[in-house]
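Novice: According to the numbering used here, the sequence shown holds residues 35 to 320 in order.
There's a structure below that I have some questions on.
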Amino acid sequence: MVHGLDRAYERLTGLAVAALNEREPERLWPLLADAVTGLCGGETLIYKLDDWSEGKGTLGLSPAAADALDRLGGEALEVLRSGYPFAHHYAAGLGRTPVTARRLAGRAWPVSETARVLGAGLDLNEVLALPLPGSVAPITGCLVYRSGADFTDDHVRIAERAQPLLAAVEQQRRLLEQWRRSSAAPGEAEQNVADCALTPRELTVLLLLTDALTADAIGRRLGISARTVHKHVENIYRKLGTRDRLGTVLHAQRLGLVPAPGRAPAGKSRGQRRRPPGTVAARDEQ
Numbered sequence: 035m036v037h038g039l040d041r042a043y044e045r046l047t048g049l050a051v052a053a054l055n056e057r058e059p060e061r062l063w064p065l066l067a068d069a070v071t072g073l074c075g076g077e078t079l080i081y082k083l084d085d086w087s088e089g090k091g092t093l094g095l096s097p098a099a100a101d102a103l104d105r106l107g108g109e110a111l112e113v114l115r116s117g118y119p120f121a122h123h124y125a126a127g128l129g130r131t132p133v134t135a136r137r138l139a140g141r142a143w144p145v146s147e148t149a150r151v152l153g154a155g156l157d158l159n160e161v162l163a164l165p166l167p168g169s170v171a172p173i174t175g176c177l178v179y180r181s182g183a184d185f186t187d188d189h190v191r192i193a194e195r196a197q198p199l200l201a202a203v204e205q206q207r208r209l210l211e212q213w214r215r216s217s218a219a220p221g222e223a224e225q226n227v228a229d230c231a232l233t234p235r236e237l238t239v240l241l242l243l244t245d246a247l248t249a250d251a252i253g254r255r256l257g258i259s260a261r262t263v264h265k266h267v268e269n270i271y272r273k274l275g276t277r278d279r280l281g282t283v284l285h286a287q288r289l290g291l292v293p294a295p296g297r298a299p300a301g302k303s304r305g306q307r308r309r310p311p312g313t314v315a316a317r318d319e320q
């Protein structure tokens with residue numbers, strides 16, 4: 035399946051390009067859901083981006099999953115939300131490598147309550163967990179479902195290759211949402227972004243420039259090289275008509291593209307510096 039893997043990697047590259055050109059944060063994961071489902075040999079997919087337990091948490095669904103879950107009752111849905119057998123495995127700190135339920139639980143999987151619910155309610159019997167590699171608590175990521183035989187080694191390998199892309203897209207989503215929340219007049223700010231022709235990736239780099247990060251630090255944050263960061267910065271200067279970092283940040287603040295100094299979110303003091311959510315510094319401050 036070497037050629038199949040090559041085609042899958044090409045599709046991942048195309049998917050990355052599409053995601054990085056998407057301006058609306060709420061569209062990013064639905065864009066990924068269908069593509070990742072097919073790439074990993076699944077039929078449907080559920081993703082979670084926040085604290086997810088039996089009774090609470092946001093479920094993101096591919097269209098096929100949405101139709102299927104509508105047929106389940108509350109108790110059956112709670113069983114699926116419990117995340118057996120993956121929740122305990124990943125919470126115990128046993129890495130973030132994708133793994134299937136059958137390989138993880140062995141003989142206990144086919145007779146588990148989760149397998150029973152999947153088979154009886156959705157006609158599915160296999161699950162592949164694809165966690166985000168950097169998630170700590172809560173553990174976030176995707177569950178891919180299929181019927182028939184277990185996911186193959188190649189499916190698991192593709193899932194591993196997809197992990198950095200999913201992590202980068204999630205970082206992109208968080209930064210775009212932060213920018214949207216921080217804008218005093220979102221409609222006006224969005225119009226200014228459109229007028230300046232900033233791409234979503236350039237907007238995230240611009241947001242991180244306000245945090246006085248070096249190109250190396252921005253590159254580590256976004257999973258790109260410092261050279262690529264410099265290229266984005268050059269494009270930002272050209273599009274905003276500026277020549278240095280300070281002038282660019284001040285001009286972007288006047289346009290409402292990034293938060294102005296002294297604007298703190300609810301519950302934060304003015305002296306507490308804002309940091310993009312999901313970063314190490316942000317977690318340390320919580």
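Note that beta-carbon positions come from the ideal geometry of N, C-alpha and C, so glycine has one too.
Keep in mind the model is a prediction, meaning the values are calculated, not measured.
1. Pull up the DSSP beta-bridge partners for residue 78, would you.
2. Which of the three DSSP states, helix, strand or coil, is assigned to residue 164?
3. Answer yes or no: do residue 180 and residue 75 have a C-beta to C-beta separation smaller than 8 Å?
4. Cutting at 8 Å between CB atoms, please list the residues of its own chain near residue 92, excluding the five before and the five after it.
5. Determine, using beta carbons only, whether residue 193 and residue 119 come nearer to each other than 8 Å.
6. Just reading off the alpha helix (DSSP H) that residue 110 is part of, what are its end residues?
7. Pull up the DSSP beta-bridge partners for residue 94, would you.
8. Please report the Cβ distance between residue 39 and residue 66, rounded to the nearest whole angstrom; I am assuming they are in contact, meaning their Cβ atoms lie under 8 Å.
9. Might you give, ordered along the chain, the residues of its own chain that have their beta carbon closer than 8 Å to the beta carbon of residue 149, omitting 5 neighbours on each side?
10. Does the distance from the CB of residue 73 to the CB of residue 206 come in under 8 Å?
11. By DSSP, does residue 292 sit in helix, in strand, or in coil?
12. Could you check where the alpha helix (DSSP H) with residue 58 kicks off and where it finishes?
13. Put residue 267 into one of helix, strand or coil per three-state DSSP.
14. On the CB-based measure, 16 or more other CB atoms within 10 Å of its CB, does residue 96 come out buried or exposed?
15. Rounding to the nearest angstrom, what Cα-Cα distance links residue 178 and residue 259 in this structure?
16. What do you reckon, are the CB atoms on residue 270 and residue 242 nearer than 8 Å?
17. Quick check: what's the CA-CA separation for residue 182 versus residue 151?
18. With DSSP as the reference, label residue 238 as helix, strand or coil.
19. So residue 332 and residue 124 are supposed to be a Cβ contact under 8 Å. How far apart are they, rounded?
20. In whole angstroms, what separates the C-alpha of residue 42 from that of residue 198?
21. Would residue 189 be called buried (16 or more neighbouring beta carbons within 10 Å of its own) or exposed?
22. Report back the beta-carbon spacing between residue 200 and residue 234 to the nearest angstrom; my notes put them in contact at under 8 Å.
23. Check whether the Cβ atoms of residue 45 and residue 69 sit closer than 8 Å, and answer yes or no.
24. Reducing DSSP to helix, strand and coil, say where residue 133 ends up.
25. Buried or exposed for residue 117, please, with buried defined as at least 16 other CB atoms from any protein chain shown within 10 angstroms of its CB.
26. Taking the CB atoms as reference points, tell me whether residue 102 and residue 162 lie closer together than 8 Å.
27. Over what stretch of residues does the alpha helix (DSSP H) that includes residue 124 continue unbroken?
28. Helix, strand or coil: which one does DSSP assign to residue 203?
29. By Cβ distance, which residues of its chain are closer than 7 Å to residue 276, with the 5 residues on each side in sequence left out?
30. If you run the structure through DSSP and keep just helix, strand and coil, what is residue 1?
Specialist: Taking the structure as given:
1. The residue labelled residue 78 in the question sits at position 44 within the sequence shown. In the DSSP output, where bridge partners are listed per residue, residue 78 has 179.
2. The count along the sequence shown starts at 1 and reaches residue 164 at position 130. In this structure, residue 164 counts as strand in the three-state DSSP scheme.
3. Position 146 of the sequence shown holds residue 180. Position 41 of the sequence shown holds residue 75. Yes, Cβ-Cβ distance for residue 180 and residue 75 is below 8 Å.
4. Counted from its first residue, the sequence shown places residue 92 at position 58. Within its own chain, the residues whose Cβ lies closer than 8 Å to the Cβ of residue 92, once the five positions on either side in sequence are excluded, are 82, 83, 84 and 86, listed in chain order.
5. Against the sequence shown, residue 193 aligns to sequence position 159. Against the sequence shown, residue 119 aligns to sequence position 85. In terms of Cβ geometry, residue 193 and residue 119 do not form a close pair [threshold 8 Å].
6. Taking the first residue of the sequence shown as 1, we reach residue 110 at position 76. That run of the alpha helix (DSSP H) goes 108-115.
7. Residue numbering aside, residue 94 sits at position 60 when the sequence shown is read from its first letter. Beta-bridge pairing by DSSP links residue 94 to 81.
8. Within the sequence shown, residue 39 is the residue found at index 5, counting from 1. Within the sequence shown, residue 66 is the residue found at index 32, counting from 1. The C-beta distance from residue 39 to residue 66 rounds to 19 Å, too long to fall under 8 Å, and the pair is not in contact.
9. The residue you call residue 149 lines up with position 115 of the sequence shown. For residue 149, same chain residues with a beta-carbon under 8 Å away, outside a window of 5 residues either side, are 135, 143 and 159 in chain order.
10. Counting from one through the sequence shown, the residue named residue 73 turns up at place 39. Counting from one through the sequence shown, the residue named residue 206 turns up at place 172. Going by C-beta atoms, residue 73 is not nearer than 8 Å to residue 206.
11. Mapped onto the sequence shown, residue 292 falls at position 258. Here residue 292 sits in coil by DSSP.
12. Residue 58 sits at position 24 when you count from the first residue of the sequence shown. It is not in any alpha helix (DSSP H) - residue 58 carries neither H nor E in the DSSP assignment.
13. Position 233 of the sequence shown, counted from the first residue, corresponds to residue 267. Helix, per DSSP.
14. Within the sequence shown, residue 96 is the residue found at index 62, counting from 1. Result: buried.
15. Position 144 of the sequence shown holds residue 178. Position 225 of the sequence shown holds residue 259. Between residue 178 and residue 259, the C-alpha separation is close to 31 Å.
16. Your numbering for residue 270 matches position 236 in the sequence shown. Your numbering for residue 242 matches position 208 in the sequence shown. Against a cut-off of 8 Å, the Cβ pair of residue 242 and residue 270 comes out as no contact.
17. Position 148 of the sequence shown, counted from the first residue, corresponds to residue 182. Position 117 of the sequence shown, counted from the first residue, corresponds to residue 151. The straight-line gap from Cα to Cα measures roughly 15 Å.
18. As a first step, residue 238 is located in the sequence shown; it is residue number 204 there, counting from the start. Helix at residue 238.
19. Given a span of 35 to 320 for the chain in the structure shown, any question on residue 332 remains unanswerable.
20. Reading the sequence shown from its first residue, position 8 is the one you call residue 42. Reading the sequence shown from its first residue, position 164 is the one you call residue 198. Answer to the nearest angstrom: the Cα atoms are 15 Å apart.
21. Residue 189 sits at position 155 when you count from the first residue of the sequence shown. Under this definition residue 189 is a buried residue.
22. Here residue 200 refers to the residue found at position 166 when the sequence shown is read from its first residue. Here residue 234 refers to the residue found at position 200 when the sequence shown is read from its first residue. Not really, about 16 Å apart at Cβ, beyond 8 Å.
23. Walking along the sequence shown from the start, residue 45 turns up at place 11. Walking along the sequence shown from the start, residue 69 turns up at place 35. Taking 8 Å as the Cβ cut-off, residue 45 and residue 69 qualify as a contacting pair.
24. On the sequence shown, residue 133 is found 99 positions in, with the first residue counted as 1. Reduced to three states, the DSSP call for residue 133 is strand.
25. Locating residue 117 in the sequence shown gives position 83, counting from the first residue. Counting Cβ neighbours within 10 Å, residue 117 comes out buried, since at least 16 surround it.
26. For this step, residue 102 is matched to residue 68 along the sequence shown. For this step, residue 162 is matched to residue 128 along the sequence shown. No, the pair does not count as a contact, with Cβ atoms beyond the cut-off.
27. On the sequence shown, residue 124 is found 90 positions in, with the first residue counted as 1. DSSP places residue 124 in the uninterrupted alpha helix (DSSP H) bounded by 120-125.
28. Translated into positions along the sequence shown, residue 203 becomes position 169. It is helical.
29. If you number the sequence shown from 1, residue 276 lands on position 242. Only 282 and 285 meet the Cβ criterion.
30. As shown, the chain starts at 35 and ends at 320. That puts residue 1 outside it, with no answer to give.
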